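I have placed the structure first, in the form of structure tokens, so that the comments after it can refer back to it.
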Amino acid sequence: MPAKDNNTTKYVNHQVSVDLDSTDAFEGPEKLLEVWFAPDKRSLPEGMNPDGLMCIAREKWEEILDLVKCKVLSVVKSPGMDAYLLSESSMFVFPHKLVLKTCGTTTTLIGLPRMLQIIREDANYPTNEQPWRVFYSRKSFMFPEKQIHPHTSWDDEVKYLNDHFDNGSAYLVGNKEADHWYLYTTVPKYPAPNHLPLGGGHDSEDEIKRGFEDENLELLMTELSPSHAQQFFTDRIPGHTEIVKANPVNSTSVLPASATNNSTWVSDDDEDYNSAMASSVTSLTSVSTVATTSSLANDHDPGHLLGQAVAKQSGINGIYPNAIVPHVIDSFGFAPCGYSCNAVFPNSNYYTIHVTPEDQYSYASFESNVPAKQYGLKSCDIVQRVLGIFRPGKFSLVYFKAGGSSKKVGGLIDEDKFVDYKRTNKIVYELDCYDLVFMSFELLK
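In the UniProt record's numbering, the protein residues as written are 1 to 445.
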């Protein structure tokens, strides 16, 4: 049975996880959709369920994901966020917003009408109100001709979004003839977009003036070093289950720690976590780490075990030092190749990584909303660690931050530290209550 609300729990869909075959995967760049229903969880509209979107059952989200053409592999639930690891990337459910990120030929936007219907019916979001604001973004596709409507072109995507939302704006950021990035955003409902509405649990005038907090760092990497990409291949055959002692379908396990504060949040290097989340492994191709034997072998499968081992060997579990920022990583290694993970932090922060390592169209993405400065870290150091894992020939960096001056935000990424790369593009935008920095880099020959 799941743990109580103040505990972090994990659900694993073993049937999908074991049988999933990534042989025909090809399009790495993801479509990223964020739908906000309030600036934060304390500002939910009057009459909405106090748990917001987190009151909605997993089965309802699976209805939406079926329309999008992807499946749930596992879910890590914490008090402030549910992190879904998907067959094609990830989904994050907060009380006040939904983040859906899918790759391949998934039809992310097709899920929108059903999503809005379920949120209005199950979470009691006001029927006649639009979401507080919407973001949709993606890198230029590698194989645009293989996408399905409305993702066949940026114009089609913008038209589809405008059919559902008012006050939308569309942008092409970067060099259209090289690496570039698309963004669609709507204007917030409130007249002062960087101010939280009066009331809604915000008692301090200073807090209202500061506005809501949000920052997001994305790295979109191509032309991965073949030796670095090799970490994400395996000889495991889809459907092969011998490396797991027991594998019943759809079990739910409890992570052995509360997520209510930093002192008790369990880390991915913690022995209790590893014993609860791993079972015995007889072989892991391209991975030297062997997971520990577990009394809860029923709670895992080959893909999740491989993912856990890859996270350790590749250095993914060291991107944010656990001693400074404790977190839990839910990883999955695809057969014959590929990797995905969601890292869940206290205070409803996350990062997510997705890798398609095939040489002809290698791609990896890293996205994080962890406020590095709060933990005494620098965003450029996080970027360097990620680059060290993948060694891309090219990458784009996108940094979003609510409030502040664009000049200051532009200086938060110390590009001089990327000594192996030359910058080919840099653009700074002011967008409503956000500042945006977009940069492109190439590996020095």
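Ideal Cβ placement from N, Cα and C applies to all residues, glycine included. Since this is a predicted model, take the numbers as computed values, not measurements.
**Study point:** Segment contact, 8 Å Cβ cut-off, at least three pairs: the region 43–61 with the region 320–331
**Key:** No, they do not touch.
Practice item. Run the CB neighbour count on threonine 127, radius 10 Å, all protein chains shown included, and call it buried at 16 or more, exposed below. Key: Walking along the sequence shown from the start, residue 127 turns up at place 127. Looking at its Cβ environment, which holds fewer than 16 other Cβ atoms inside 10 Å, threonine 127 is exposed.
**Study point:** Cβ neighbour criterion (16 or more within 10 Å) applied to aspartate 82
**Key:** As a working mapping, residue 82 is identified with position 82 in the sequence shown. Buried is the call here.
**Study point:** Coil, strand or helix - threonine 186 by DSSP
**Key:** In the sequence shown, the residue the question calls residue 186 occupies position 186. It is a strand residue.
Practice item. Would you kindly report the start and end of the unbroken beta strand (DSSP E) that includes methionine 81? Key: By 1-based counting over the sequence shown, the position of residue 81 is 81. 81–86 is the extent of the beta strand (DSSP E) around methionine 81.
Review point. Where does serine 365 land, buried or exposed, given buried means 16+ other C-beta within 10 angstroms?
Key: Taking the sequence shown and counting its residues from 1, one reaches residue 365 at position 365. With 16 or more other Cβ atoms within 10 Å, it is buried.
**Study point:** Among Ser331, Asp420, Pro326, the one whose alpha carbon lies nearest that of serine 314
**Key:** Taking the first residue of the sequence shown as position 1, residue 314 is located at position 314. Nearest of Ser331, Asp420, Pro326 to serine 314, Cα basis: Ser331.
Practice item. Excluding the 5 residues preceding and the 5 following glycine 111 in the sequence, name in chain order all residues of the same chain whose CB lies nearer than 6 Å to its CB. Key: Translated into the one-based positions of the sequence shown, residue 111 becomes position 111. Here the set comprises Ile64, Leu67, Val68.
Practice item. Tell me whether the beta-carbon of leucine 224 lies closer than 8 Å to the beta-carbon of serine 362. Key: As a working note, residue 224 is residue 224 in the sequence shown. As a working note, residue 362 is residue 362 in the sequence shown. Yes, the Cβ-Cβ distance between leucine 224 and serine 362 is below 8 Å.
Exercise for review: Write down the C-beta distance between phenylalanine 233 and tyrosine 125 rounded to the nearest angstrom, noting that I regard them as a contact closer than 8 Å.
Suggested key: Counting from one through the sequence shown, the residue named residue 233 turns up at place 233. Counting from one through the sequence shown, the residue named residue 125 turns up at place 125. Wrong, their Cβ atoms sit about 43 Å apart, outside the cutoff.
**Study point:** alanine 229 in three-state terms, based on DSSP
**Key:** What you label residue 229 is simply residue 229 of the sequence shown in a count that begins at 1. Helix.
Point to revise | Segment contact, 8 Å Cβ cut-off, at least three pairs: the region 134–148 with the region 176–185 | key: Touching, yes, given that three or more Cβ pairs across the two stretches are closer than 8 Å.
Practice item. Report the partner residues of asparagine 342 according to the DSSP bridge assignment. Key: Reading the sequence shown from its first residue, position 342 is the one you call residue 342. Answer is Asp330, Thr352.
Check your understanding: Looking at phenylalanine 441 and phenylalanine 395, is the spacing between their C-beta atoms short of 8 Å?
Key -> Mapped onto the sequence shown, residue 395 falls at position 395. Mapped onto the sequence shown, residue 441 falls at position 441. Contact check for phenylalanine 395 against phenylalanine 441 passes: the beta carbons are separated by less than 8 Å.
Review point. If we ignore side chains and look at the alpha-carbon of each, how far apart do aspartate 40 and histidine 96 end up?
Key: Position 40 of the sequence shown, counting from 1, holds the residue named residue 40. Position 96 of the sequence shown, counting from 1, holds the residue named residue 96. The straight-line gap from Cα to Cα measures roughly 6 Å.
Point to revise | Best match in Tyr171, Ser348, Asn369 for proximity to isoleucine 427 [C-alpha to C-alpha] | key: If you number the sequence shown from 1, residue 427 lands on position 427. Restricting attention to Tyr171, Ser348, Asn369, the CA atom closest to the CA of isoleucine 427 is found in Tyr171.
Check your understanding: Among the residues of its own chain, which have a CB less than 7 Å from the CB of phenylalanine 400, if the five just before and after it don't count?
Key -> To locate residue 400, count along the sequence shown from 1; it is residue 400. Exclusion of the five residues before and after phenylalanine 400 leaves Glu215, Asn216, Tyr434, Leu436 as the residues of its chain whose Cβ lies within less than 7 Å of its Cβ.
Exercise for review: Would you mind giving the Cβ-Cβ distance between threonine 9 and lysine 77, rounded to the nearest angstrom? I have them listed as a contact below 8 Å.
Suggested key: Here residue 9 refers to the residue found at position 9 of the sequence shown. Here residue 77 refers to the residue found at position 77 of the sequence shown. Confirmed, Cβ separation roughly 5 Å.
Review point. Whose CA, out of Lys422, Ser379, Leu431, lies closest to the CA of isoleucine 413?
Key: As a working mapping, residue 413 is identified with position 413 in the sequence shown. Looking at the Cα atoms, Ser379 is the closest of the given residues.
Exercise for review: Report the partner residues of arginine 138 according to the DSSP bridge assignment.
Suggested key: Locating residue 138 in the sequence shown gives position 138, counting from the first residue. Note: arginine 138 sits in a beta bridge opposite Lys31, Tyr182.
Review point. Three-state secondary structure (DSSP) at phenylalanine 92?
Key: On the sequence shown, position 92 is the one that residue 92 refers to. Taken through DSSP and simplified to helix, strand or coil, phenylalanine 92 comes out as strand.
Point to revise | Integer Cβ distance of tryptophan 132 from proline 188, believed to fall under 8 Å | key: Residue mapping note: residue 132 aligns to position 132 of the sequence shown, counting from 1. Residue mapping note: residue 188 aligns to position 188 of the sequence shown, counting from 1. About 6 Å separates the two Cβ atoms, so the contact holds.
**Study point:** aspartate 122 versus methionine 91 - alpha carbon distance
**Key:** By one-based count along the sequence shown, residue 122 stands at place 122. By one-based count along the sequence shown, residue 91 stands at place 91. Spanning the two alpha carbons is a distance of roughly 18 Å.
Check your understanding: Excluding five sequence neighbours on each side, which residues of the same chain lie with their C-beta closer than 6 Å to the C-beta of leucine 387?
Key -> As a working mapping, residue 387 is identified with position 387 in the sequence shown. Same-chain partners within the cutoff: there are none.
Check your understanding: Hey, out of Phe94, Ile316, Thr222, Asn162, whose CA is closest to leucine 397's CA?
Key -> Locating residue 397 in the sequence shown gives position 397, counting from the first residue. Nearest C-alpha to leucine 397: Thr222.
Review point. Per DSSP, what kind of secondary structure is methionine 54 in: helix, strand or coil?
Key: Against the sequence shown, residue 54 aligns to sequence position 54. In this structure, methionine 54 counts as helix in the three-state DSSP scheme.
Check your understanding: How should asparagine 247 be labelled, buried or exposed, when 16 other C-beta atoms within 10 angstroms of its C-beta is the threshold for buried?
Key -> The count along the sequence shown starts at 1 and reaches residue 247 at position 247. Below a pLDDT of 50, predicted positions are generally treated as unreliable, and asparagine 247, at 26, falls in that range; no measurement from the model is reported.
**Study point:** cysteine 380 in three-state terms, based on DSSP
**Key:** Sequence index remark: in the sequence shown, residue 380 carries index 380 (1-based). Here cysteine 380 sits in helix by DSSP.
Exercise for review: Measure from the alpha carbon of phenylalanine 334 to the alpha carbon of each residue in Gln231, Pro45, Asn317, then state which is nearest.
Suggested key: Reading the sequence shown from its first residue, position 334 is the one you call residue 334. When Gln231, Pro45, Asn317 are compared, the shortest CA-CA separation from phenylalanine 334 is found for Gln231.
Practice item. Mark lysine 417 as exposed unless 16 or more other C-beta atoms lie within 10 angstroms of its C-beta, in which case mark it buried. Key: For this step, residue 417 is matched to residue 417 along the sequence shown. Its Cβ having fewer than 16 others within 10 Å, lysine 417 is exposed.
Check your understanding: Looking at C-alpha atoms only, which residue of Tyr84, Leu183, Leu116, Lys71 is the closest neighbour of tyrosine 350?
Key -> Position 350 of the sequence shown holds residue 350. Comparing alpha-carbon positions, the option among Tyr84, Leu183, Leu116, Lys71 lying closest to tyrosine 350 turns out to be Tyr84.
Exercise for review: Give the DSSP-derived three-state secondary structure of asparagine 162 in the structure shown.
Suggested key: Counting from 1 along the sequence shown, the entry for residue 162 is found at position 162. Helix.
**Study point:** Boundaries (first-last residue) of the beta strand (DSSP E) holding glycine 174
**Key:** Your numbering for residue 174 matches position 174 in the sequence shown. Bounds of the beta strand (DSSP E) holding glycine 174 are 168–174.
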